[in-house]
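A.B. asks:
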Amino acid sequence: MISFSQVSKRYPGGLEALRGVTLTIERSEMVFITGPSGAGKSTVLKLMAAIERPTSGSVLVNNQNIGRLRARAVPFLRRNFGLIFQDHKLLFDRTAFDNVMLPLAITGFQRREAARRVRAALDKVGLLPKEKAYPVRLSGGEQQRLAIARAIVHRPAVLLADEPTGNLDAAYALEIGELFRSFNQVGVTVVIATHDESLAARLKPRRIALREGKVAT
Amino acid sequence: MRAWLWNQLDAFGTTLARFARAPVAALLNFGVIGIALALPVGLYVALDNLKGLTRTLASDPQLSVFLALDAGRADADGIATRLRRHPAVRESRFVSRDAALKELKASTGLADIVDSLPANPLPDAFVVVPRDPAPEALESLRDEVSRWPKVTHVQLDAAWARRLEAGLRVARLAVWILATLFAFALVAVTFNTIRLQILTRREEIEVSKLIGATDAFIRRPFLYFGALQGLAGGLAAWGIIWVGIYFLNGGLADLSRLYASPIELAHLGIEDSASLLAFSAALGWFGSWLSVNQHLAQIEPS
Numbered sequence: 001m002i003s004f005s006q007v008s009k010r011y012p013g014g015l016e017a018l019r020g021v022t023l024t025i026e027r028s029e030m031v032f033i034t035g036p037s038g039a040g041k042s043t044v045l046k047l048m049a050a051i052e053r054p055t056s057g058s059v060l061v062n063n064q065n066i067g068r069l070r071a072r073a074v075p076f077l078r079r080n081f082g083l084i085f086q087d088h089k090l091l092f093d094r095t096a097f098d099n100v101m102l103p104l105a106i107t108g109f110q111r112r113e114a115a116r117r118v119r120a121a122l123d124k125v126g127l128l129p130k131e132k133a134y135p136v137r138l139s140g141g142e143q144q145r146l147a148i149a150r151a152i153v154h155r156p157a158v159l160l161a162d163e164p165t166g167n168l169d170a171a172y173a174l175e176i177g178e179l180f181r182s183f184n185q186v187g188v189t190v191v192i193a194t195h196d197e198s199l200a201a202r203l204k205p206r207r208i209a210l211r212e213g214k215v216a217t
Numbered sequence: 218m219r220a221w222l223w224n225q226l227d228a229f230g231t232t233l234a235r236f237a238r239a240p241v242a243a244l245l246n247f248g249v250i251g252i253a254l255a256l257p258v259g260l261y262v263a264l265d266n267l268k269g270l271t272r273t274l275a276s277d278p279q280l281s282v283f284l285a286l287d288a289g290r291a292d293a294d295g296i297a298t299r300l301r302r303h304p305a306v307r308e309s310r311f312v313s314r315d316a317a318l319k320e321l322k323a324s325t326g327l328a329d330i331v332d333s334l335p336a337n338p339l340p341d342a343f344v345v346v347p348r349d350p351a352p353e354a355l356e357s358l359r360d361e362v363s364r365w366p367k368v369t370h371v372q373l374d375a376a377w378a379r380r381l382e383a384g385l386r387v388a389r390l391a392v393w394i395l396a397t398l399f400a401f402a403l404v405a406v407t408f409n410t411i412r413l414q415i416l417t418r419r420e421e422i423e424v425s426k427l428i429g430a431t432d433a434f435i436r437r438p439f440l441y442f443g444a445l446q447g448l449a450g451g452l453a454a455w456g457i458i459w460v461g462i463y464f465l466n467g468g469l470a471d472l473s474r475l476y477a478s479p480i481e482l483a484h485l486g487i488e489d490s491a492s493l494l495a496f497s498a499a500l501g502w503f504g505s506w507l508s509v510n511q512h513l514a515q516i517e518p519s
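Chains A and B, in that order, are what the protein sequence lines are. The opening position of the first sequence corresponds to residue 1 in the working numbering, with each subsequent residue numbered one higher. The opening position of the second sequence corresponds to residue 218 in the working numbering, with each subsequent residue numbered one higher.
1. Measure how close the beta-carbons of GLY38/A and ALA151/A come, nearest whole angstrom, since I'm counting them as under 8 Å.
2. Check whether chain B comes within 8 Å of GLY108/A, counting only Cβ atoms and requiring the distance to be less than that.
3. Who pairs with ALA209/A in a beta bridge, going by DSSP?
4. Could you check what DSSP says for ASN510/B in three-state terms: helix, strand or coil?
5. Answer yes if the stretch 303-311 of chain B comes into contact with the stretch 348-360 of chain B, meaning at least three C-beta pairs across the two stretches below 8 Å, and no otherwise.
6. Under 8 Å, do VAL404/B and ILE250/B count as touching if we go by C-beta distance?
7. Do you know offhand how far ALA498/B's Cα is from GLY450/B's?
8. Let me make sure I understand the geometry here. Which of ILE176/A, PRO156/A and ALA157/A has the alpha-carbon closest to that of GLU163/A?
9. Using 8 Å as the limit for Cβ to Cβ distance, is ARG111/A near chain B?
10. Taking buried to mean at least 16 other C-beta atoms within 10 Å of its own C-beta, is PHE401/B buried or exposed?
11. What's the C-alpha gap between LEU226/B and LEU440/B?
12. So for ALA121/A, helix, strand or coil by DSSP?
13. For the beta strand (DSSP E) that ASP287/B lies in, which residues bound it at each end?
14. Based on DSSP bridge pairs, tell me the residues matched to VAL371/B.
15. Taking the beta strand (DSSP E) that ALA347/B belongs to, which residues open and close that run?
16. Would you say PHE229/B lies against chain A (beta-carbon separation less than 8 Å)?
17. Quick check on the DSSP output: the alpha helix (DSSP H) that includes GLN185/A runs from which residue to which?
18. Considering only residues of the same chain and omitting the five flanking positions on each side of ASN266/B, which have a CB-CB separation below 7 Å?
19. Determine the extent of the beta strand (DSSP E) in which GLN6/A is found, giving its start and end residues.
20. Which two residues bound the contiguous beta strand (DSSP E) that contains LEU18/A?
21. Where does GLY213/A land, buried or exposed, given buried means 16+ other C-beta within 10 angstroms?
22. For VAL262/B and GLY269/B, I'd like the C-alpha separation in whole angstroms.
23. Here's the rule: buried if 16 or more other CB atoms are within 10 angstroms of the residue's CB, otherwise exposed. What is ARG155/A?
24. With DSSP as the reference, identify every bridge partner of SER198/A, one or two as the case may be.
25. So LEU232/A is in the beta strand (DSSP E); what residue range does that whole segment cover?
26. Any idea what DSSP makes of GLN86/A, helix, strand or coil?
27. What does a CB cutoff of less than 6 Å around VAL19/A pick up in its chain, not counting 5 residues either side in sequence?
28. Please state whether the Cβ-Cβ distance between VAL191/A and LEU168/A is less than 8 Å.
29. Is ASP265/B near the ligand GTP, in the sense that its beta carbon is under 7 Å from a heavy atom of that ligand?
30. For LYS41/A, return the contacting residues in chain B, with the cut-off set at a CB-CB distance below 7 Å.
31. Flag this pair as touching only if the stretch 239-248 of chain B and the stretch 53-68 of chain A have three or more C-beta atom pairs under 8 Å; answer yes or no.
32. Rounding to the nearest angstrom, what Cα-Cα distance links ALA328/B and LEU318/B in this structure?
33. Please list, in chain order, the chain A residues whose beta carbon lies closer than 8 Å to that of ALA237/B.
34. So which of LEU500/B, THR231/B, ILE462/B and LEU469/B has the shortest CA-CA distance to GLY486/B?
35. Excluding the 5 residues preceding and the 5 following ALA105/A in the sequence, name in chain order all residues of the same chain whose CB lies nearer than 8 Å to its CB.
36. Where does THR189/A fall in DSSP's three states?
Shown next, in the form of structure tokens:
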């Protein structure tokens, strides 16, 4: 479903984040991309979601070549993904409910069905009682769960998470890990960039280790 | 189709909510746009009223045909027949030199001076009402008649009205120049408002792009905002002009009582009002479109 072939990424300014990375992720797989900071974990995720484009090599997602994707096609590619960021990227001027509604509003979902799905997603992450709360009133763990609800509400085929447990204490991290496991069990492909060893030990995913922009063997 | 409609409604609702969230700023913007539009539109209304006035004044243009002093009764009769038969003449009236002198004495208060004259200095004359009041037709008739024997001078009585009309044409040009300038101002105001909005909504735009929003989806509420702001500004301009005319007519009522003839300014017609609103909404839309195109591309998630 996702394959990198000899992918290099050089950022403006000369930083070489990836050097000839080749990897494949199958449908319904759970994969951890690990490695120290600066190894290129985030860049791999950004290339998958067409947030960045490869300098050389090819990135294929559902047989679409990211490097040659037209700008107009990018939004439709991204709808295949649920994106989860370390800093959550929640919108603080709207309620938990409205934050989760956003991906459905974008696709012009019919309203009643959309509201039902939003509540289901909030229920799944245990935030249904707080649907009217604004993100500032939620704890760090709750904010991350809200971000997860937003990422899954449109039922994407792939979840991409960048350090999803980075700022959380162990108990919260465990909860989040279990959420990812449950999504994976129903067939969602889960790709997590992390250096959280305890999470990896628990979920026992396939690991792709990166070191200085290359796949370490 | 249905989804598209929901999207439109959603964007519309979002826009109204944005106005409601900053009502003072919104009202100030409406006011600025309204005043900017009221200037050229007010001038337009004034000109429109003046134009109506000149039309009634100049609608019955007359030619005064003066004969030579040595022209006799027979000459006058000949010219009277010629005028009667002329296809471009609707009506002609003979004013004899004696009648003219009597009229001068009666109407101007110059009786003493007139009486002291040794002889009547006035010529015989005809007052001619042409069939076609267009300036070109008047001029050709004047040129033709002035070449007839015993005719010394042909005076176009509506000349001043035509001069006024020419003046109005220049003024109308000024209105258009003014309208263009203020239209530019409206676009600029909208452009800037939308720019500020985009900056404050940077995060929202970024997140929307990350989760797969098309540019059209992100653009839509801003375009609605611009168009609605323009429309509200147009309404404000309409209101300013209506109130202005209302008060002016109050003042004119006294004046018209003094002159014993009704003087009243007409309000903007339905067609003009609709064009004003459509025009201001379209300009607002255009301003925000420019702004969104300029600034949206700069916000890319990283």
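The beta carbon of each residue, even a glycine, is placed where N, CA and C say it ideally should be.
C.D. replies: According to the structure data:
1. About 25 Å; that fails the 8 Å criterion.
2. yes
3. THR34/A
4. helix
5. yes
6. no
7. 8 Å
8. ILE176/A
9. yes
10. exposed
11. 13 Å
12. helix
13. That residue, ASP287/B, is in no beta strand (DSSP E); it is neither H nor E in DSSP.
14. VAL282/B
15. The identity of residue 347/B in the sequence shown is Pro, whereas the question assumes Ala. Per DSSP, PRO347/B belongs to the beta strand (DSSP E) from 342-347.
16. no
17. 170-185
18. LEU482 and ALA483
19. 2-10
20. 16-25
21. buried
22. 11 Å
23. exposed
24. Note: SER198/A sits in no beta bridge, so no partner.
25. Chain A is shown only over 1 to 217; residue 232/A falls outside these bounds and no answer can be derived.
26. coil
27. According to the sequence shown, residue 19/A is Arg rather than Val. Around ARG19/A: SER8, GLY213 and LYS214.
28. no
29. As for the ligand GTP, it is missing from this structure, which has no ligand bound.
30. None at all; the shortest Cβ gap to chain B is about 15 Å.
31. no
32. 10 Å
33. Going along chain A, no residue has its Cβ under 8 Å from ALA237/B, so there is no contact; the nearest lies around 13 Å.
34. ILE462/B
35. ALA114
36. strand
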